[in-house]
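Take a look at the structure set out below.
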Amino acid sequence: MSRHATTDPARICVTNAKGGTGKTTVAINVAGALNDRGRDVLFVDLDPQGNATEGLGLTDAYDAQPPTLFDALTRDPSLLGDLVVEHEEMDVIPSSIDMLQAEHELTIADLIARIRTQDHGVDPAALAGFALNVTPETVTGDHALDTLDRALSTVSGYDYVIIDSPPFYGKLTDTGVFAAGHILIPALAEATSERAIELLMDQMAAMERQTGTTVGTLGVVANRIETTSEDEMMLEWFDAAFPDSPVWEVRKRVALQRAYTEGKSIFATDERCDMAEVFSDVAATFDEQFGYTEVTA
Ligand SMILES: Nc1ncnc2c1ncn2[C@@H]1O[C@H](COP(=O)(O)OP(=O)(O)OP(=O)(O)O)[C@@H](O)[C@H]1O
Ligand SMILES: [Mg+2]
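Numbering (full-length UniProt numbering) for the sequence shown: 1 to 297.
Structural data, given as structure tokens:
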């Protein structure tokens, strides 16, 4: 039986702190592939740069007046449902120019949580003076990485939540990974990816220790692949580094850039792109992993 919309959605955070590896491209096209299989997707743009918001044709939403995702993450998680914007392939929680302040605000929230749990003799309210939204009342748990998780639990009706994360290590990314519990890692087939992935794994381990949760790696998307010997060597490295996870190969294709410019995934454009097969395979693997057994499209 299909799990379709009967339980909590599967949540996946597309992440790699290294910039320009294809997080946004992969997130949009995996969401498009899931929609193509008949799944209902909520896409969350957690990156203050708002590339996914823009890449889904929602630039106006990025400039919208508060409340925005920033307020849902730092003041009132129940605001999230009001922020949903419709797109032909998925629903979207857009990023916002205000998200530039989120890292600072979540850091203060984290300090408030630490002061409270570790008894530093400091009044948490004093720290709130440095924040726009965060107060001791908005920090409810023993860590402050749960705001997106709490926000997502207030919306329903989706099979998947796909979260695009920013290109830096920090509270915003941790908040996305904590909410998802699963990561998909886009990585370029170049030597610098080795360090990027080692650091990502260290960051995941630190987040798991802090929150007492575990994060599952769903796979790696080796992106912008060309037929060079460096690419071949890196593909072998990915396979060796992730022996238990799939490593998908997405080749360099202008059709992916053109779809982004058109505000959609390659599944909604007129142009045919051979990489659709790869993203369909990612979606099918996720359906299998999360127990969505029937194709409902
Ligand atoms: N397979 C591909 N073929 C061709 N171009 C690609 C491919 N994947 C990504 N790109 C292009 O590479 C650039 C970076 O991709 P993208 O924005 O998805 O990376 P990112 O990891 O989200 O970046 P950031 O770290 O800034 O968030 C974009 O211009 C995108 O169109
Ligand atoms: Mg991006």
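Don't be surprised by glycine CBs; every beta carbon is placed ideally from N, CA and C. Remember, it's a predicted structure, so these values are computed and weren't measured experimentally.
For Asn29, there is no enclosing beta strand (DSSP E); the residue is part of the alpha helix (DSSP H) that begins and ends at Lys23 to Asp36.
Residue side-chain check: Thr15 keeps its Cβ at 7 Å or more from all non-hydrogen atoms of ligand 1. Straight across, the Cα-Cα distance linking Gly19 with Ser78 is about 31 Å. When the five nearest sequence neighbours on each side are left out, no beta carbon in the same chain lies closer than 6 Å to the beta carbon of Phe286. Straight-line measurement puts the Cα of Arg224 at about 14 Å from the Cα of Ala27. For Gln257, the Cβ falls inside the 7 Å cut-off from some heavy atom of ligand 1. Counting only the Cα atoms, Asp119 lies some 20 Å from Leu106. Taking all protein chains shown into account, Lys252 has fewer than 16 neighbouring C-beta atoms within 10 Å of its C-beta and is therefore exposed.
Secondary structure note for His104: its alpha helix (DSSP H) is the uninterrupted segment Ala102 to Gln118. Here the distance from the Cβ of Arg37 to the nearest heavy atom of ligand 1 is not below 7 Å. Between Pro9 and Val177, the beta carbon gap of about 16 Å keeps them out of contact (Cβ cut-off 8 Å). By a beta-carbon distance limit of 8 Å, Ala31 does not contact Ser245. Their separation comes to about 20 Å. Less than 8 Å divides the Cβ of Leu80 from the Cβ of Ile93. Membership of Glu190 in any alpha helix (DSSP H) is not indicated, and neither H nor E is assigned to it by DSSP. Counting the other Cβ atoms within 10 Å of the Cβ of Arg39 gives 16 or more, which makes it buried. For the pair Met275 and Phe267, the Cα-to-Cα distance works out to about 10 Å.
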